[in-house]
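Asks: For the sequence shown, our numbering begins at 171 and goes up steadily by one.
We put the CB at the ideal spot given by N, CA and C, even for glycine.
Predicted, not measured: the structure shown is a model, and the values here were computed from it.
Can you keep this structure in mind? I'll have questions shortly.
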Amino acid sequence: MTFLPDDTYALIEASVPLLCVDFVPVRAGDAGRQVGLILRHSPFGDVWCHLGGRVQRGETIVQALRRHAEDTLSVGVAIGLNAQPDHVYEWFPPELAPSDGTAHGDDPRKHSVGLSYVVELTGQPSPRNEATDFAYFGIDNLPVPMWPG
(Lines of atoms letter the chains of each structure in order from A; the text may use other names.)
(Lines give C-alpha, C1' and ligand atoms only; values in the text may rest on other atoms or scores of the structure.)
Protein backbone atom coordinates (compact mmCIF):
# COMPACT_ATOMS: atom_id res chain seq x y z
CA MET A 171 0.00 0.00 0.00
CA THR A 172 1.31 3.42 -0.97
CA PHE A 173 0.51 6.46 1.14
CA LEU A 174 0.37 9.93 -0.34
CA PRO A 175 2.14 12.87 1.25
CA ASP A 176 -0.24 14.84 3.50
CA ASP A 177 -0.33 17.88 1.19
CA THR A 178 -1.13 15.76 -1.86
CA TYR A 179 -3.90 13.91 -0.03
CA ALA A 180 -5.33 17.21 1.23
CA LEU A 181 -5.49 18.46 -2.38
CA ILE A 182 -7.31 15.30 -3.50
CA GLU A 183 -9.71 15.46 -0.54
CA ALA A 184 -10.50 19.09 -1.43
CA SER A 185 -10.99 18.31 -5.13
CA VAL A 186 -13.01 15.11 -5.59
CA PRO A 187 -15.48 12.92 -3.67
CA LEU A 188 -13.94 9.91 -1.97
CA LEU A 189 -15.38 6.39 -2.17
CA CYS A 190 -16.01 4.84 1.23
CA VAL A 191 -17.60 1.74 2.69
CA ASP A 192 -19.85 2.23 5.69
CA PHE A 193 -21.25 -0.61 7.74
CA VAL A 194 -23.40 -1.31 10.75
CA PRO A 195 -23.07 -4.65 12.53
CA VAL A 196 -26.34 -6.22 13.62
CA ARG A 197 -27.28 -9.03 15.98
CA ALA A 198 -30.43 -10.43 17.57
CA GLY A 199 -30.83 -9.21 21.15
CA ASP A 200 -33.24 -9.97 23.96
CA ALA A 201 -35.46 -7.03 22.96
CA GLY A 202 -35.07 -7.47 19.18
CA ARG A 203 -32.53 -6.43 16.60
CA GLN A 204 -29.50 -4.48 17.82
CA VAL A 205 -26.96 -2.38 15.92
CA GLY A 206 -23.28 -2.06 16.76
CA LEU A 207 -21.64 1.36 16.90
CA ILE A 208 -18.20 2.65 17.77
CA LEU A 209 -17.37 5.59 19.98
CA ARG A 210 -14.69 7.73 18.36
CA HIS A 211 -13.07 11.15 18.37
CA SER A 212 -14.44 13.37 15.61
CA PRO A 213 -14.73 17.00 14.51
CA PHE A 214 -17.94 16.96 16.62
CA GLY A 215 -16.20 15.67 19.78
CA ASP A 216 -16.57 12.09 21.00
CA VAL A 217 -19.53 10.57 19.14
CA TRP A 218 -21.08 7.19 18.41
CA CYS A 219 -21.16 6.22 14.74
CA HIS A 220 -21.13 3.45 12.17
CA LEU A 221 -17.89 1.87 11.03
CA GLY A 222 -16.04 2.20 7.78
CA GLY A 223 -13.68 4.31 5.77
CA ARG A 224 -12.03 4.78 2.40
CA VAL A 225 -11.67 2.16 -0.30
CA GLN A 226 -8.04 1.94 -1.39
CA ARG A 227 -6.86 1.73 -4.99
CA GLY A 228 -6.82 -1.90 -6.12
CA GLU A 229 -9.00 -3.02 -3.22
CA THR A 230 -12.45 -4.51 -3.73
CA ILE A 231 -15.37 -3.13 -1.76
CA VAL A 232 -15.63 -6.34 0.29
CA GLN A 233 -11.88 -6.30 0.96
CA ALA A 234 -12.28 -2.73 2.26
CA LEU A 235 -15.15 -3.81 4.56
CA ARG A 236 -13.05 -6.65 5.92
CA ARG A 237 -9.99 -4.41 6.41
CA HIS A 238 -11.97 -1.78 8.32
CA ALA A 239 -13.65 -4.44 10.53
CA GLU A 240 -10.25 -5.93 11.35
CA ASP A 241 -8.50 -2.56 11.85
CA THR A 242 -11.26 -1.12 14.05
CA LEU A 243 -12.64 -4.13 15.98
CA SER A 244 -10.25 -7.06 15.34
CA VAL A 245 -13.12 -9.08 13.82
CA GLY A 246 -14.31 -10.38 10.49
CA VAL A 247 -17.59 -9.78 8.69
CA ALA A 248 -19.94 -12.38 7.26
CA ILE A 249 -20.37 -11.10 3.70
CA GLY A 250 -20.31 -12.54 0.19
CA LEU A 251 -17.65 -11.60 -2.35
CA ASN A 252 -19.99 -9.56 -4.54
CA ALA A 253 -22.30 -8.14 -1.87
CA GLN A 254 -24.29 -5.10 -2.95
CA PRO A 255 -24.83 -2.12 -0.65
CA ASP A 256 -28.01 -1.82 1.38
CA HIS A 257 -27.91 1.94 0.88
CA VAL A 258 -25.77 4.63 -0.74
CA TYR A 259 -25.28 7.77 1.31
CA GLU A 260 -23.50 11.05 0.65
CA TRP A 261 -21.47 13.11 3.11
CA PHE A 262 -20.68 16.81 2.63
CA PRO A 263 -18.77 19.59 4.35
CA PRO A 264 -21.18 22.44 5.26
CA GLU A 265 -20.06 24.71 2.43
CA LEU A 266 -20.86 22.02 -0.18
CA ALA A 267 -23.98 20.53 1.40
CA PRO A 268 -27.01 20.36 -0.91
CA SER A 269 -29.87 22.68 -0.06
CA ASP A 270 -32.48 21.00 -2.27
CA GLY A 271 -33.65 18.47 0.32
CA THR A 272 -31.19 15.72 -0.61
CA ALA A 273 -30.60 13.52 2.43
CA HIS A 274 -26.96 13.68 3.47
CA GLY A 275 -24.61 13.43 6.39
CA ASP A 276 -22.28 16.10 7.73
CA ASP A 277 -18.52 15.71 7.43
CA PRO A 278 -16.49 18.90 7.66
CA ARG A 279 -13.40 17.09 6.36
CA LYS A 280 -14.54 15.87 2.96
CA HIS A 281 -17.20 15.06 0.39
CA SER A 282 -17.58 11.30 0.24
CA VAL A 283 -19.94 8.67 -1.09
CA GLY A 284 -20.54 5.77 1.29
CA LEU A 285 -21.62 2.36 0.09
CA SER A 286 -23.50 1.25 3.20
CA TYR A 287 -23.88 -2.33 4.40
CA VAL A 288 -25.61 -4.15 7.23
CA VAL A 289 -23.36 -7.02 8.36
CA GLU A 290 -22.89 -9.66 11.00
CA LEU A 291 -19.53 -9.78 12.76
CA THR A 292 -17.47 -12.93 13.18
CA GLY A 293 -15.47 -12.90 16.39
CA GLN A 294 -15.56 -10.87 19.58
CA PRO A 295 -15.24 -7.10 18.92
CA SER A 296 -12.23 -5.43 20.54
CA PRO A 297 -12.12 -1.68 19.81
CA ARG A 298 -8.83 -0.23 18.60
CA ASN A 299 -7.39 2.51 16.40
CA GLU A 300 -10.21 5.04 15.77
CA ALA A 301 -12.65 3.14 18.04
CA THR A 302 -12.42 4.00 21.73
CA ASP A 303 -15.44 1.80 22.53
CA PHE A 304 -17.95 -0.52 20.85
CA ALA A 305 -21.43 -1.51 21.94
CA TYR A 306 -24.70 -2.89 20.59
CA PHE A 307 -27.86 -0.79 20.96
CA GLY A 308 -31.53 -1.39 20.36
CA ILE A 309 -32.93 0.50 17.37
CA ASP A 310 -35.17 2.52 19.71
CA ASN A 311 -32.38 3.15 22.21
CA LEU A 312 -29.52 4.67 20.19
CA PRO A 313 -26.80 6.49 22.14
CA VAL A 314 -26.16 10.21 22.29
CA PRO A 315 -24.25 11.97 20.88
CA MET A 316 -24.18 10.45 17.41
CA TRP A 317 -22.35 11.65 14.28
CA PRO A 318 -24.70 14.07 12.46
CA GLY A 319 -26.46 12.39 9.56
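Quick one: what's R197 bridged to in DSSP?
Replies: Taking the sequence shown and counting its residues from 1, one reaches residue 197 at position 27. In the DSSP output, where bridge partners are listed per residue, R197 has Q204.
Asks: Would D192 be called buried (16 or more neighbouring beta carbons within 10 Å of its own) or exposed?
Replies: For the purposes of this step, residue 192 is identified with residue 22 of the sequence shown, where counting begins at 1. Buried.
Asks: If distances are taken between C-alpha atoms only, which option among Q204, V225, Q226 comes closest to F304?
Replies: Against the sequence shown, residue 304 aligns to sequence position 134. Minimum Cα distance to F304 is reached at Q204.
Asks: Determine, using beta carbons only, whether P187 and E300 come nearer to each other than 9 angstroms.
Replies: Looking up residue 187 in the sequence shown gives position 17. Looking up residue 300 in the sequence shown gives position 130. Contact: no.
Asks: Ignore the nearest five residues each way along the sequence and tell me which others in P315's own chain have a CB closer than 8 angstroms to its CB.
Replies: As a first step, residue 315 must be located in the sequence shown, where it is residue number 145. Result list for P315: F214, G215, D216, V217, W218, in chain order.
Asks: Using 8 angstroms for Cβ pairs, my map puts S244 next to R210. What's the rounded Cβ distance?
Replies: As a first step, residue 244 must be located in the sequence shown, where it is residue number 74. As a first step, residue 210 must be located in the sequence shown, where it is residue number 40. With 8 angstroms as the limit, S244 and R210 do not qualify as a contact, their Cβ atoms being about 15 angstroms apart.
Asks: Which residue's Cα is closest to the Cα of D256: G202, D177, S286?
Replies: Counted from its first residue, the sequence shown places residue 256 at position 86. The shortest Cα separation from D256 among G202, D177, S286 belongs to S286.
Asks: Where do the N-terminal and C-terminal ends of the beta strand (DSSP E) with R224 fall, by residue?
Replies: Position 54 of the sequence shown, counted from the first residue, corresponds to residue 224. Here the beta strand (DSSP E) through R224 covers 221–224.
Asks: Ends of the alpha helix (DSSP H) at H238?
Replies: Your numbering for residue 238 matches position 68 in the sequence shown. First-last of the alpha helix (DSSP H) with H238: 231–243.
Asks: D177 to G202, Cα distance in whole Å?
Replies: Within the sequence shown, residue 177 is the residue found at index 7, counting from 1. Within the sequence shown, residue 202 is the residue found at index 32, counting from 1. Cα-Cα distance, rounded: 47 angstroms.
Asks: Could you check what DSSP says for T178 in three-state terms: helix, strand or coil?
Replies: Taking the first residue of the sequence shown as 1, we reach residue 178 at position 8. Three-state result, T178: helix.
Asks: Beta-carbon separation of A234 and G246 under 9 angstroms?
Replies: Position 64 of the sequence shown, counting from 1, holds the residue named residue 234. Position 76 of the sequence shown, counting from 1, holds the residue named residue 246. Cβ atoms of A234 and G246: not closer than 9 angstroms.
Asks: Taking the alpha-carbon positions, what's the A239 to P318 distance?
Replies: Residue mapping note: residue 239 aligns to position 69 of the sequence shown, counting from 1. Residue mapping note: residue 318 aligns to position 148 of the sequence shown, counting from 1. Approximately 22 angstroms, taken between the alpha carbons.
Asks: Might you give, ordered along the chain, the residues of its own chain that have their beta carbon closer than 8 angstroms to the beta carbon of S212, omitting 5 neighbours on each side?
Replies: The residue you call residue 212 lines up with position 42 of the sequence shown. If we look at S212 and ignore the five residues flanking it on each side, its Cβ neighbours are C219, W317.
Asks: Cβ of P278 within 9 angstroms of Cβ of P268?
Replies: The residue given as residue 278 occupies position 108 in the sequence shown. The residue given as residue 268 occupies position 98 in the sequence shown. No. Outside cutoff.
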